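Enquirer:
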Amino acid sequence: MIKTKWKSEADLIVYVTKWKSEAVKNKGIWFFTDWKSEADRKIFFTEWKSEADLKVYFTTYKSEAGWQSRSKIYLMEKER
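Numbering (my numbering), first residue to last: 93 to 172.
#1: Can you give me the C-alpha to C-alpha distance between Thr-151 and Met-93, rounded to a whole angstrom?
#2: Please name the residue in Lys-164, Lys-119 and Thr-96 whose C-alpha comes closest to that of Lys-154.
#3: Which residue from Val-148, Ile-121, Glu-169 and Ala-131 puts its Cα closest to that of Phe-137?
#4: According to DSSP, Tyr-149 sits in a beta bridge with which residue or residues?
#5: Out of Lys-97, Leu-104, Lys-99 and Trp-98, which has the shortest C-alpha to C-alpha gap to Leu-146?
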């Protein structure tokens, strides 16, 4: 996964919430935890586009969160 500077480059626009209960489903609302046992996913950020499966843009607006590239949704599905 790589962070983009521009929303238009992203596959997924992510809003980071302070509340775990808001981070439900696969809608781009994320909650980061310090405890591995609380995590649903392990996220690895890279500096190299060639290593990234997914490009994300972090927004400060919850209403902007969501998928821009629907073909990449499977990358964050639970079964993976």
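For every residue, glycine included, the Cβ atom is placed at its ideal position computed from N, Cα and C.
Every value quoted in this text rests on a predicted model; they were computed, and no experiment measured them.
Expert: Working from what's here:
#1: 16 Å
#2: Its Cα nearest to that of Lys-154, the residue Lys-119 stands out among Lys-164, Lys-119 and Thr-96.
#3: Val-148
#4: Ile-105
#5: Put simply, of Lys-97, Leu-104, Lys-99 and Trp-98 the residue whose alpha carbon is nearest the alpha carbon of Leu-146 is Leu-104.
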